[in-house]
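First up is the structure itself, then whatever we jot down about it.
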Amino acid sequence: MLLYQQIRNYIHQLLSEGTLNTGDKLPSERLLQEQFNSTRITVREALLRLEAEGLIYSQTRRGWFVTPTKLKWNPATKVNFYELAKQQGFVADTQVISHQEISNHDLKAEFSASTLHHLQRARSLDERLVMFEDIFCDAARFDSLAEHNLNGSITQIMANQYATNVVNEQCAISVTVLPDDVAQVLQKNSGTPCLKVIRKRFDELGSLVDYNIEYWLHNAIEMTVEGH
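With the first letter of the sequence shown counted as 1, position 169 gets the number 183 in this note's numbering; the numbers rise by one all the way through.
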């Protein structure tokens, strides 16, 4: 058995026995190097293997931690992030990264509007950053959007302030890696695996309300779909 596999199995045993529990910090890479008389590269290989399995996660300059319970999400249903998190015992939070109005964009096939709002936000569960999103919507339809609390529910702002209700949505889900700028916001290394969700949301007339691109950490979310 290769040394990185021994280290991986050792940590996996700590998890299985309950020596390390959800949210606990793992022994430092330096301690693991000393314990196994190993190199940093070998230790990192073992940790990355466990991360790929969804058992642990890293935070820049903080170390490695046991992965918490995943947020369960049914992509076939409309999503309210705060309500979904609350129902499953999480404390959700949202941080606005940037907002601007753009006229030079790649969504002309989706929107007839010449100018769009482009909102970037990071979302967390129990103070752990888990998702980055780009939100695009018609700047004329949602005039003065920036005057509202963009840390909260965009869906509620649209309903309460602009009489626009989201009645259905379409999702396209793929596996990829975090773009460099997104990885930096989520405090992850470049190339970290993620789920990319492109979400289109529509009103009762079938008009596109907004176009969202979400990057979820792969070990933070679990998709569940019920068939009938």
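Ideal Cβ positions, reconstructed from N, Cα and C, are used throughout, including at glycine. Being a predicted model, the structure only gives us computed values, none of them experimental.
- Taking C-beta atoms as the reference points, W87 and L69 fail to come closer than 8 Å.
- Classified as exposed, M15 has fewer than 16 neighbouring CB atoms from the shown chains inside 10 Å of its CB.
- In the DSSP assignment, D224 falls within the unbroken beta strand (DSSP E) covering L222 to L231.
- Counting along the chain, the unbroken beta strand (DSSP E) around Q73 starts and ends at I70 to Q73.
- Membership of D107 in the beta strand (DSSP E) is indicated by the continuous run A106 to I116.
- When the beta-carbon positions are compared, E147 and E236 stay at least 8 Å from each other.
- Within the DSSP secondary-structure output, M145 pairs in a beta bridge with R137 and W230.
- A check of alpha carbon separations from T56 across E43, E67 and E65 identifies E43 as the nearest.
- If you draw a 10 Å sphere on the C-beta of D152, you find 16 or more other C-beta atoms in it, and that means buried.
- Around the beta carbon of I187, a 10 Å sphere encloses fewer than 16 other beta carbons of the protein chains shown; the residue is thus reported as exposed.
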